[in-house]
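Numbering of the sequence shown is given in my numbering, commencing with residue 395 and proceeding in unit increments. Don't be surprised by glycine CBs; every beta carbon is placed ideally from N, CA and C. Nothing here was measured: the structure is a model prediction, and the numbers come from that model. Below is one structure, written out as structure tokens; comments come after it.
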Amino acid sequence: MGLIWRFMFDADLGIVNWALGIIGIHGPNWLGGRWPALMAVTIVDSWQSIPFIMLTVLAALVGLSKGPAEAAAI
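Okay, structure coming up:
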């Protein structure tokens, strides 16, 4: 999985810089500098973690009893 992300953030052939180029933004060398690499790792980590967090929150919301919500509605 890491290799796929590495290809996506490639400075010359990566799809991220290609997409930025379409809208007129020159993409950075994502894995060549300190701050662009930090942004790339943050994006990848968010992409990996957010679905699990959302499913956990959804499961918690579904598991709540309806009593407090009904009492608050009155």
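Below 8 angstroms, can you find three or more Cβ-Cβ pairs linking the segment 447-455 to the segment 427-436? Fewer than three beta-carbon pairs drawn from the segment 447-455 and the segment 427-436 are found closer than 8 angstroms, and the two stretches are therefore not classed as touching.
For D406, three-class secondary structure by DSSP: Taking the first residue of the sequence shown as position 1, residue 406 is located at position 12. Coil.
Smallest Cα separation from L425: which of M402, G457 and P462? Against the sequence shown, residue 425 aligns to sequence position 31. Closest option to L425, Cα to Cα, is M402.
With distances taken between CB atoms, is the gap from V438 to W399 smaller than 7 angstroms? Translated into the one-based positions of the sequence shown, residue 438 becomes position 44. Translated into the one-based positions of the sequence shown, residue 399 becomes position 5. In contact: V438 and W399 (Cβ atoms closer than 7 angstroms).
Between which residues of its own chain and G415 is the CB-CB distance below 8 angstroms, once the five residues before and five after are set aside? As a first step, residue 415 must be located in the sequence shown, where it is residue number 21. G421, listed in sequence order.
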